Each structure stands twice: as structure tokens, then as C-alpha cells.
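Below is one structure, written out as C-alpha cells; the observations come after it.
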Amino acid sequence: MKRLTLALVPDSSDTSGHYLPGDTFGGHVNLLLSSSMKYTSLRVHFTGLVTTKVGKTEEQVYVLKQQVVLLGQANNATEYSLEKGQHSWPFQFTIPLQHMPSSGKYRHGTVKYSLTATMTSAGFMGGVQELKATQTIQLKDLINIRVTPYSEPVAITGSSTTKPGSTKQKDMAVATVKLSRAAYLKGQVVDIEIDLSHPSKITRNPGCYIQLVCRQHFYAGDHAKEYQDTLVNISELLEVNSSANTGKILAEVPIPDTALPTMKTTKIISIAYHLYILMDMRAKTGFFEIKSKGKLSKKHKTRLLSAPGGFAIEVPVIVGTLSDSLHTQKPSPFAHIEEGSQHSESATPTHGQSTASSLQLSNSSPVTSSATTSSATMIPIIIPPPPAQTFPKLHPPASELPVAIRRQCAQDASSRTTITAITAGSHRSNKHAFAPHSVLYPSSRFVTPYYS
Numbered sequence: 159m160k161r162l163t164l165a166l167v168p169d170s171s172d173t174s175g176h177y178l179p180g181d182t183f184g185g186h187v188n189l190l191l192s193s194s195m196k197y198t199s200l201r202v203h204f205t206g207l208v209t210t211k212v213g214k215t216e217e218q219v220y221v222l223k224q225q226v227v228l229l230g231q232a233n234n235a236t237e238y239s240l241e242k243g244q245h246s247w248p249f250q251f252t253i254p255l256q257h258m259p260s261s262g263k264y265r266h267g268t269v270k271y272s273l274t275a276t277m278t279s280a281g282f283m284g285g286v287q288e289l290k291a292t293q294t295i296q297l298k299d300l301i302n303i304r305v306t307p308y309s310e311p312v313a314i315t316g317s318s319t320t321k322p323g324s325t326k327q328k329d330m331a332v333a334t335v336k337l338s339r340a341a342y343l344k345g346q347v348v349d350i351e352i353d354l355s356h357p358s359k360i361t362r363n364p365g366c367y368i369q370l371v372c373r374q375h376f377y378a379g380d381h382a383k384e385y386q387d388t389l390v391n392i393s394e395l396l397e398v399n400s401s402a403n404t405g406k407i408l409a410e411v412p413i414p415d416t417a418l419p420t421m422k423t424t425k426i427i428s429i430a431y432h433l434y435i436l437m438d439m440r441a442k443t444g445f446f447e448i449k450s451k452g453k454l455s456k457k458h459k460t461r462l463l464s465a466p467g468g469f470a471i472e473v474p475v476i477v478g479t480l481s482d483s484l485h486t487q488k489p490s491p492f493a494h495i496e497e498g499s500q501h502s503e504s505a506t507p508t509h510g511q512s513t514a515s516s517l518q519l520s521n522s523s524p525v526t527s528s529a530t531t532s533s534a535t536m537i538p539i540i541i542p543p544p545p546a547q548t549f550p551k552l553h554p555p556a557s558e559l560p561v562a563i564r565r566q567c568a569q570d571a572s573s574r575t576t577i578t579a580i581t582a583g584s585h586r587s588n589k590h591a592f593a594p595h596s597v598l599y600p601s602s603r604f605v606t607p608y609y610s
């Protein structure tokens with residue numbers, strides 16, 4: 159029996175159930191063997207895949223690819239062996255600190271992040287056999303509405319002449335839309351302030367129409383699909399009656415609880431929001447014009463935009479994922495172990511002495527290796543050598559191996575037998591393996607092969 163599983167180290171301080179860019183997470187690859195096994199490598203991949211389907215055309219883009227080799231070599235050039243029993247290896251990854259599309263299902267696509275552990279062994283006629291375990295990772299884009307630039311105020315001005323053909327400033331109707339910040343969480347309310355200026359005193363009820371609009375784009379090959387949904391639709395009284403011919407409008411627009419986070423990090427899926435504000439600042443209205451009841455019809459919109467004093471302003475709004483001015487990234491789940499390893503360097507135990515206290519990563523998933531035991535009914539538990547100052551390479555060069563092991567390797571090579579990697583002493587077969595520097599693949603319309 160061969161059973162490969164993945165187990166993440168839980169974070170007791172986090173109840174969100176998802177990770178953000180910049181966070182570090184880790185876990186263990188667990189392997190249960192009922193008999194000895196030969197292998198060439200054990201790898202863990204952390205990938206982010208965006209998939210879209212428009213009509214019958216499907217497109218996939220990898221936005222994230224990271225890999226760590228826990229055992230063996232990535233090219234599967236050498237064969238090793240593991241004895242029967244329960245084995246466990248720690249791993250960790252750091253999510254790149256930049257915008258990433260949020261996990262989820264969308265109208266014409268999905269965004270999925272996953273961990274895949276792969277134990278590779280030589281197969282028949284030079285082939286490769288793989289034993290795999292997969293686990294889904296929930297990730298949200300880091301859009302913190304309490305930090306710059308999302309916390310910065312927004313002001314956009316629109317204007318129109320009230321007299322056909324005139325470009326004089328005194329004939330201009332002007333409206334300046336102000337927001338306290340650029341980003342909001344779903345369920346929050348957008349406070350809108352509009353400063354008005356007009357050549358004369360006017361009153362329009364309603365004279366200001368405000369819509370919260372969501373635009374979604376999906377691309378797959380040469381096919382595309384676009385949606386524009388009006389989530390909120392309100393109208394307000396417009397009044398300019400001061401001595402300086404100015405006025406003010408105060409309005410509130412709620413962000414629906416069903417709103418998805420803004421997404422602009424991949425070219426095959428995009429989600430954006432904006433406030434569409436239509437101003438009716440015409441000097442005069444038609445005599446037979448039917449008074450609007452507050453809802454903005456397509457016909458009324460066309461009439462306003464074609465008349466002097468009618469104009470629209472679009473204000474971008476970002477739907478964020480976090481509201482915390484003191485937010486910090488999650489540290490390594492093994493940070494306390496690394497710190498303990500450094501403190502224990504001066505007191506290195508002799509060979510055979512237990513070092514479980516400095517290498518224990520989880521009470522339920524101990525670090526194990528291959529060793530023998532006097533009882534056939536017990537699961538063999540092997541304690542690895544003590545950690546060095548930094549985490550060592552998984553397989554050191556041949557020059558660093560003891561003389562006895564180098565001789566054995568030479569004999570095995572000459573007789574065309576496999577090299578046994580489970581040796582006593584200093585050969586490090588089960589060590590901490592941490593992910594290399596992240597390799598982020600920018601969004602691209604060109605699908606690249608997963609493995610080179």
C-alpha cells in the first residue's frame with residue numbers, strides 16, 4: 159500500500175479561511191508505505207490557474223508557478239529508496255506580494271490555486287510512474303482599503319455649456335464629484351459629495367442620477383463576452399439657489415453584499431466598478447417633456463446627453479478585500495522551529511540522540527525517516543540529523559559524502575544497480591525544504607506548457 163497525502167499547518171490566529179499575497183504557509187507531505195519503495199524525486203507544486211470558456215472555446219493561463227523538491231532531483235536522474243513505514247516532510251511557500259486574482263467561480267471562468275505533491279518513480283520501459291496528492295488553496299487578492307492608494311480621496315469634475323456654441327466660462331454648468339476614498343468593502347456605503355456651479359439658479363427634481371455599474375469581461379481564444387450590470391440606481395434633487403449660483407448634493411450608494419472583488423490582474427478575466435453620474439443641468443426643459451419618476455431610462459439618458467447642460471461623469475470604484483491599516487503578512491508556520499534550531503547549534507547532540515524537540519513541526523505529523531525497530535508491529539520512526547545553521551541541500555554533492563558511501567555508489571554504478579539513498583549518519587534524505595524565490599508568470603494570452 160502506498161498513500162500520499164498533504165496536510166497544511168493550521169493558523170490558529172486566522173479565521174478567514176483564505177490567504178493573501180505576501181502570506182507564508184506550510185505543511186507536510188505524508189507518505190505511508192507497507193513495503194519499501196524506490197523513487198526518483200518528491201516535489202510539491204504551488205500553482206494558480208485561470209480558466210475561461212466562451213462558447214466552445216476554452217483558454218487557460220497560469221498566473222503562479224512555484225516548485226520545491228523535497229527528495230531526489232527534479233530531472234529524475236537518480237533512483238533512491240525508502241523503507242516501509244510512515245514518512246513526513248515539511249514544506250512552505252510564500253505567495254508573491256503583488257496583486258493576484260481571487261479564487262472563485264465566475265460567469266465564464268474560474269480561478270483556482272492548488273498544491274500538488276508528486277512522488278515519481280521509474281516505470282516500465284523507461285517510463286515514469288507518479289503518485290499524487292492535491293489540495294486546493296483559497297486565496298484573495300490583497301486590496302487593503304485602509305492604505306495608499308486605496309485610502310486616498312477622489313475628485314472628478316465634469317462640465318457642459320448651457321448655451322449651444324458657447325465656450326465662455328460664465329455659460330458653463332460644472333459638477334465636481336468627491337469620494338472620501340477610492341476603495342470599499344462589499345456591504346459598505348459610498349458617501350458621495352457633488353459640488354455644483356451654474357450660470358443661473360435652477361431646480362431639478364430629480365436632477366442627478368447615480369448608478370453603480372459592474373463591468374465583466376471574459377476572453378477565450380478569439381471569443382469574448384462582456385457584461386454590464388447596474389447594481390444600484392438612485393436619483394437626487396439638484397438645486398442651485400445661492401447668491402453665488404452654487405449648490406451641493408449629498409448621496410449614499412451601498413456596495414451589494416454579492417459584489418465580487420475588483421480583478422485586473424489577468425487579461426482573460428476582468429471585473430471593474432464605477433459610479434455613473436448623469437447631471438441634468440439644462441437651463442430649460444421641454445414644455446411637453448414627461449417628468450422622470452426617478453428611474454433613468456435609455457431614452458431619457460440620450461435626451462440629456464444631447465442637450466446643453468446635460469453631461470455624465472464616471473468615477474472608478476474599487477471593491478476591496480481587507481480593511482486593516484495595521485495588516486502584516488502571515489509569517490512562516492515554522493518560524494519558531496527555525497529560531498529553535500539556531501539556539502540549539504551550540505549544543506549539537508551526538509549521533510543517535512533524539513532531536514525531535516528542535517525538528518517537530520506538528521504534533522500530528524512528526525518528521526520521520528527510515529530506520530529499523532525491534533518490534534515488527536510498530537511504525538518505524540527515524541530522527542533526522544540535527545539541523546545546520548541554514549537548511550541544507552537535500553542531496554549533497556558526492557564529494558561531501560562519507561568515504562564508505564562513495565565506495566558503495568561506485569560499486570552500484572559499475573553493477574548497474576540502484577543507489578540506496580537511505581544511509582546511516584550524515585546523508586540528509588529527509589530535511590526541511592523551502593520554496594525557492596517565487597516565479598510569477600504575468601498574465602498572457604499565450605498558453606505556455608506547464609512543465610518544460
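Per the working numbering, the sequence shown starts with residue 159, numbered consecutively.
For each residue, glycine too, the CB sits at the ideal point set by N, CA and C.
These numbers were taken from a predicted model, which means no experiment stands behind them.
Item                                                                                                                                                        : Value
According to DSSP, K336 sits in a beta bridge with which residue or residues?                                                                               : A313 and E351
Put L433 into one of helix, strand or coil per three-state DSSP.                                                                                            : strand
Once DSSP output is grouped into helix, strand and coil, what is the label at Q327?                                                                         : helix
What is the rounded straight-line gap between the Cα of K359 and the Cα of V221?                                                                            : 55 Å
Can you name, in chain order, every residue of its own chain whose Cβ lies under 6 Å from the Cβ of L396, other than the five neighbours on each side?      : R362, G365 and C366
In angstroms with no decimal places, state the Cα-to-Cα distance between V212 and L200.                                                                     : 37 Å
Is the Cβ-Cβ distance between K270 and P419 less than 8 Å?                                                                                                  : no
Given this structure, state the Cα-to-Cα distance separating A378 from P474, to the nearest angstrom.                                                       : 26 Å
Go to T294, then tell me how far its beta strand (DSSP E) extends in each direction, as first and last residue.                                             : V286 to I295
From the DSSP secondary-structure annotation, give me the bridge partner or partners of M195.                                                               : L240
By a C-beta neighbour count over all protein chains shown, 10 Å radius and 16 as the cutoff for buried, is E217 buried or exposed?                          : buried
With respect to 7 Å, is the separation between the Cβ of V335 and the closest non-hydrogen atom of the ligand GDP below this value?                         : For the ligand GDP, the structure offers nothing, since it holds no ligand at all.
Pull up the distance between the alpha-carbon of R339 and that of H381, whole angstroms please.                                                             : 36 Å
With burial defined as no fewer than 16 other Cβ atoms inside 10 Å of the residue's Cβ, what is the status of P168: buried or exposed?                      : exposed
Just the Cα atoms here: how many angstroms apart are I165 and D181?                                                                                         : Note on residue identity: the sequence assigns Ala, not Ile, to residue 165. Spanning the two alpha carbons is a distance of roughly 17 Å.
If we ignore side chains and look at the alpha-carbon of each, how far apart do G184 and K422 end up?                                                       : 28 Å
In terms of residue numbering, what span does the beta strand (DSSP E) encompassing H375 cover?                                                             : I360 to A378
Would DSSP call K263 helix, strand or coil?                                                                                                                 : strand
Using a threshold of 8 Å, state whether the C-beta atoms of H485 and F376 are closer than that.                                                             : no
Is there contact here, the region 185-205 with the region 303-323, by at least three beta-carbon pairs under 8 Å?                                           : no
Give the secondary structure of T182 by DSSP, where H, G and I count as helix, E and B as strand, and everything else as coil.                              : strand
Are the region 297-313 and the region 254-264 in contact at 8 Å, needing three or more beta carbon pairs?                                                   : yes
Got a sec? Which residues, its chain only, sit under 6 Å from D387 by beta carbon, not counting five neighbours each side?                                  : C372
Going by beta carbon distance, what residues of the same chain come within less than 6 Å of T294, once the five residues before and after it are set aside? : S272
In whole angstroms, what is the alpha-carbon distance linking S171 and P489?                                                                                : 11 Å
Which residues mark the beginning and the end of the beta strand (DSSP E) in which L389 is found?                                                           : H381 to V398
Should L408 be labelled buried (16 or more other beta-carbon atoms within 10 Å of its own) or exposed?                                                      : exposed
Do you know offhand how far Q250's Cα is from E241's?                                                                                                       : 25 Å
Determine the direct distance from the alpha carbon of H432 to that of V335, and round the result to whole angstroms.                                       : 13 Å
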